[in-house]
Amino acid sequence: MYDRNGIVLAKNIIFYRLKIKPDKTNIFFQNLIILQKILKLKNNKYNIINIFNKKIKNNDYTPFILKYNLNDVQISKFLVNKYRFPQMSLISYQKRFYPHGNIFAHVVGYIKLYNDKKEIFFKNINLIKKYIKNHPTGVSGIEKYYENLLYGNLGYQKIATNNKGEYKYKICKKNAYTGSDIFLTIDFFLQKYIYSLMANIKGAVIVSNPRNGAILAMVSTPSYDPNLFINSFKNQNLNILLKNNNHPLVNRVIQGIYPPASTVKPYVSLIALDLNLIDENTILFDPGWWKIPKINQIYKDWKKNGHGYLNITKALQESSDSFFYQLSYNIGINKIHKWMTKFGYGKLTNIDLFNEKLGNMPTKKWKFNNIQIPWYLGDTISVGIGQSYWNATPIQIHNALIILINNGISKTPHIYQKRKLNNIFYYYSEPKDKKIINLPLKYWNIVKLGMYNVANKKKGTMYKYFSSANYHIAAKTGTAQVFNLKNLKKCNIKKIKKKLRDHKLIIAFAPFENPKIAITIIIENSDNSISIGYIARKIFDYIFKHKEKFLI
3 MYDRNGIVLA
13 KNIIFYRLKI
23 KPDKTNIFFQ
33 NLIILQKILK
43 LKNNKYNIIN
53 IFNKKIKNND
63 YTPFILKYNL
73 NDVQISKFLV
83 NKYRFPQMSL
93 ISYQKRFYPH
103 GNIFAHVVGY
113 IKLYNDKKEI
123 FFKNINLIKK
133 YIKNHPTGVS
143 GIEKYYENLL
153 YGNLGYQKIA
163 TNNKGEYKYK
173 ICKKNAYTGS
183 DIFLTIDFFL
193 QKYIYSLMAN
203 IKGAVIVSNP
213 RNGAILAMVS
223 TPSYDPNLFI
233 NSFKNQNLNI
243 LLKNNNHPLV
253 NRVIQGIYPP
263 ASTVKPYVSL
273 IALDLNLIDE
283 NTILFDPGWW
293 KIPKINQIYK
303 DWKKNGHGYL
313 NITKALQESS
323 DSFFYQLSYN
333 IGINKIHKWM
343 TKFGYGKLTN
353 IDLFNEKLGN
363 MPTKKWKFNN
373 IQIPWYLGDT
383 ISVGIGQSYW
393 NATPIQIHNA
403 LIILINNGIS
413 KTPHIYQKRK
423 LNNIFYYYSE
433 PKDKKIINLP
443 LKYWNIVKLG
453 MYNVANKKKG
463 TMYKYFSSAN
473 YHIAAKTGTA
483 QVFNLKNLKK
493 CNIKKIKKKL
503 RDHKLIIAFA
513 PFENPKIAIT
523 IIIENSDNSI
533 SIGYIARKIF
543 DYIFKHKEKF
553 LI
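Start counting the sequence shown at 3; every next residue gets the next number (my numbering).
Below you can see the structure in the form of C-alpha cells.
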C-alpha cells in the first residue's frame, strides 16, 4: 500500500521460524541442547526437553515451532550447522508491517491472521470460502475496505470421488486471483506534518481537494501503533487501548460526534437568502442578546456587549450569535432540517472506510421519540448556531464545506486513488457530479465573502492568524459547548474538568479565488494552550510552501 507519491504505507516482510519434528532418540535431545546454545535461545533447556517429552508421550510427532522471528545471526548460524539437525528446518513466512505506525493507523488500519474461521463473524456464509487458516483479514481502515483488492481471492475447487477416494469428476471451480498494490490519495509528507502538530491533542484534521473529493490528509489523534496487533492479536494490547480514556482506537474523522457549532452559520445564511428573509443589505442590531418574541426568553451572544449593527457578511465575519438566533427563529426547524440534509447532515458521506457514524440532524419527531419531550422554540434557536441536539462527524462537517465551495455540487470523499496489477494501473472512477442544491450564484458569493472576511478583515475571528499571510483563505470558526457554564460568573478554564471544556472547530478553503484545498479541524476539549487558528495557519503555510504539489 502506497501514498500518492509512491511511499510505502504497508508492506509484507519475510520472517523465518524454526520448525522441529519430534524424535524420541537420544541424539534428538542432544541436538536440541546444542541448537539452543548455538542460537542462544532464551528458552530454558529443561523446558524445551519437557515440551518434546510431553509430545512424544502423547504420540504427537507433528512438527513444532520452536522459535519465531529468527534474527539474521540466528539464521546464519543455523544454516552453517544445518547438517547436524536433520529434523529441523527454517520456514519462511510473511508478516504485515506498518513502517509509519501511529501516523497512518486510522487511514491504513491493520489486519489479523485468524487461526480459525469461527473467530470471524460472517454476515454471508459464502464468505467463509475466502478464508483459510492464517489468511490475512482486514480489521479496520483501508486494509478492511479494500481487502479484496489487496489480498485477492484464494479460489477453490469441488470434486467428486468414489468410495476409495479416487477422483471422478469436477463439480465446480473458482479461480484464484492475486492481490493488487493500492495507491492512496493521502500525501505522506502532509499527513506526517499535520500529525506532528496534533500529536498531543485530541482531535481530527481533514484536508482534501474540493474539485474531486480526494482526501490529502486524514489525521485522528490520539492514535495507536497497528504493528501491535500483527500476527498475534494480543488481548493485552487491545485491552490497554480499550481502557485508554482518550480512545485512541476511535477514528475521530468518521466516528467522532460533535456539535457543528458556528460552522453551520454559512448554510443558515443561504437558507435565509433563498427564503428572502434577508438580502446582502439587510441590517440587524446585536446588543449582545436576543429575545424570543412574546415569550421573553433571552439568548445571549458569546460577545457580552454585542456586535452592533450587522449585515450578513459582517455577521459571518464576527460570528454573531444574536444575528443567527433571529434567522433560525424566522426559518423554523422544519426548513432548517430540510436544507441541512441537503448539505449532508444526518447522512453518511460514503467515504471509503467502514464504520462511519451517522450523526444526528434533529427534528420535532426525533426529539419526541427519543426524549419524550416536545420541541421548543429555544431548541430551534440553538440549532441555528449548530448546538442543541445537532451533532455530526468531522467528515460530515467537511462534506458540507465541499458542497458550499462547489456551489451546491457534491463530491464523494475518497482515499483510494488507483491500484496496480500486473504492471497495469486502474484508476479511481469519479462519480458524476450531482447538483444537490440549486441557488443563485449571487447567494453563494455573499456567503463566501463573509467567510473571506473571517480571515481577512479586522474583527474577523481568524484575522489575527491570517492577516499577515501572503495568500487569501475563507473560513468559519465554531465553539461547540460541552457543558453549560452560564451560571458561573468567572471560571478558570484550567480548573474545569477537561472533558467538560468546549470543542474548537474551523472550516476553511483556499485560494479564495479558485479553491483547491479544503480543511476541517476539530480540537476536543480545548484549553486554549494551542489555538486552532495557529494549527490552521501552519497547515495552510505548509500547503502554499509546497504549492507545486497541492495547488496546480
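Don't be surprised by glycine CBs; every beta carbon is placed ideally from N, CA and C.
Only a predicted model underlies this, so the values are computations on that prediction, with no experimental measurement involved.
| Item | Value |
| --- | --- |
| Meets three-Cβ-pair contact criterion under 8 Å: the segment 259-276 and the segment 336-349 | yes |
| Beta-bridge pairing of Leu186 - partner residues as DSSP gives them | Tyr418 |
| Whether Ile203 touches Glu526 by CB criterion (9 Å) | yes |
| Those residues which DSSP pairs with Ile300 across a bridge | Lys293 |
| Beta-carbon spacing of Pro262, Ile407 below 9 Å | no |
| Assigned secondary structure, Lys549 (DSSP; H/G/I helix, E/B strand, else coil) | helix |
| Residue burial classification, His339 (beta-carbon count within 10 angstroms, cutoff 16) | buried |
| Rounded C-alpha distance that separates Lys23 from Asp227 | 36 Å |
| Span of the beta strand (DSSP E) around Ser78 | Per DSSP, Ser78 belongs to no beta strand (DSSP E); it is in the alpha helix (DSSP H), 74-82. |
| Beta-carbon contacts of Asn33 that lie in its chain and below 7 Å, excluding the five residues immediately before and after | Arg86, Phe87 |
| Top-ranked residue by Cα proximity to Leu68, from Val75, Met90, Leu81 | Met90 |
| Coil, strand or helix - Lys120 by DSSP | Note that Lys120 scores a pLDDT of 48, beneath 50, so its modelled location is shaky; the value from the coordinates is reported in the next line. Residue state, collapsed to three classes: helix. |
| Residues near Ile300 in its chain [Cβ-Cβ closer than 6 Å; skip 5 each side] | Trp291, Lys293 |
| Reference Gly181, options Ile353, Thr139, Ile35, Asn246, closest by Cα | Thr139 |
| For Ile285, three-class secondary structure by DSSP | coil |
| Residue ranges of each alpha helix (DSSP H) within the segment 362-395, 4 or longer | 366-373, 379-385 |
| Spatially closest choice to Asp189 from Asp183, Val209, Leu218, Gly167, by CA coordinates | Leu218 |
| Counterpart residues of Glu481 in DSSP-defined beta bridges | In the sequence on display, residue 481 carries Thr and not Glu. Thr481 pairs with Lys506. |
| Among Ala402, Asn336, Thr395, the one whose alpha carbon lies nearest that of Ile438 | Ala402 |
| Between the CA atoms of Lys114 and Lys120 - distance to the nearest angstrom | Low confidence applies to Lys120: its pLDDT is 48, below 50, so where it sits in the model is not reliable, and the reading given next is rough at best. Going by the C-alpha atoms only, they are around 14 Å apart. |
| Backbone CA spacing between Val255 and Asn362 [nearest angstrom] | 16 Å |
| Sequence-distant residues of its chain with Cβ nearer than 8 Å to Trp368 (five each side left out) | Asn362, Tyr391 |
| Every unbroken beta strand (DSSP E) within the segment 405-474, with a cutoff of 3 residues, ordered by chain | 418-423, 426-429 |
| Reference Ser528; option with closest CA among Val484, Tyr169, Phe30, Thr265 | Val484 |
| N-terminal and C-terminal residue of the beta strand (DSSP E) that Ile558 is part of | Nothing can be reported for residue 558: it is not among the residues displayed for the chain, which extend from 3 to 554. |
| Lys13 - containing beta strand (DSSP E), residue span | 13-22 |
| Contact under 9 Å by Cβ, Ile285 with Leu318 | no |
| First through last residue of the alpha helix (DSSP H) which encompasses Gln257 | 254-257 |
| Distance between beta carbons of Gln193 and Phe99, contact taken as under 8 Å | With a Cβ gap of about 18 Å, Phe99 and Gln193 do not count as contacting. |
| Own chain, CB closer than 7 Å to Ser330, minus 5 neighbours either side, in chain order | Val270, Ile338, Thr382, Ile383, Val385, Gly386 |
| Of the listed residues Trp304, Asn516, Lys39, Thr481, nearest to Leu502 (C-alpha basis) | Thr481 |
| Where Leu318 sits in the DSSP three-state scheme | helix |
| Reduced DSSP secondary structure (H/G/I, E/B, other) of Thr351 | coil |
| Opening and closing residue of the beta strand (DSSP E) in which Val10 lies | Note, Val10: premise wrong, no beta strand (DSSP E); not H, not E. |
| Distance between Leu240 and Phe31 (C-alpha atoms, nearest Å) | 38 Å |
| CB-CB length for Leu186 against Asp5, believed under 8 Å | 6 Å |
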